[in-house]
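Please read the structure below before turning to the comments.
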Amino acid sequence: MAKDSSSEQKASKAAKGEKQPPKLKPEKKPALNLKEGSGAGGGGGGGGGSSKKKRAKRNAESYKTYIFKVLKQEASRLALYNKKPTVTSREIQTGVRLILPGELAKHAVSEGTKAVTKYTSS
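In UniProt numbering, the protein residues as written are 1 to 122.
Dropping the structure here:
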């Protein structure tokens with residue numbers, strides 16, 4: 001009988017125009033398959049430790065790519081602000097100063113300047 005009274009209450013709420021919250025089905029999360037990410041290199045036959053090393057390396061590479069992407073966006077934005085068609089080392093340097101904090105920016109700028117000087121001299 002309790003089920004009948006609750007359905008009557010729902011029917012009376014629907015008649016009054018009250019909205020019912022939508023019923024959501026619980027989402028099924030896909031099971032993680034670690035073998036899929038190992039690639040088609042053929043050497044994925046056993047060592048669980050090697051996949052962890054690959055994963056850590058991949059994370060480091062993705063962070064590096066993220067930093068390059070952010071620097072690229074910032075440098076292109078600076079070139080756009082200055083109405084210049086090319087991104088030069090000056091825009092890259094300013095982007096580094098804007099994105100990286102304090103001492104890290106100073107070291108990055110000095111290493112970048114050293115690399116550009118070495119490139120132009122050779």
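Glycine is no exception: its CB is placed at the ideal position from the N, C-alpha and C atoms. Keep in mind the model is a prediction, meaning the values are calculated, not measured.
Beta-carbon proximity list for residue i, same chain, < 7 Å, skipping 5 on both sides
i, result
"VAL109", "GLN93, VAL96 and ARG97"
"GLU74", "GLY95, LEU98 and ILE99"
"SER76", "VAL87"
Collapsed DSSP secondary structure at residue i in the structure displayed
i, result
"LYS57", "helix"
"SER122", "coil"
"LEU78", "helix"
"VAL96", "helix"
"VAL109", "helix"
"residue 124", "For residue 124 there is no data in the structure shown, the boundaries of the chain being 1 and 122."
"THR65", "helix"
"THR117", "helix"
Residues near residue i in its chain [Cβ-Cβ closer than 8 Å; skip 5 each side]
i, result
"LYS83", "none"
Cβ pair residue i, residue j closer than 8 Å
i, j, result
"ALA79", "VAL87", "yes"
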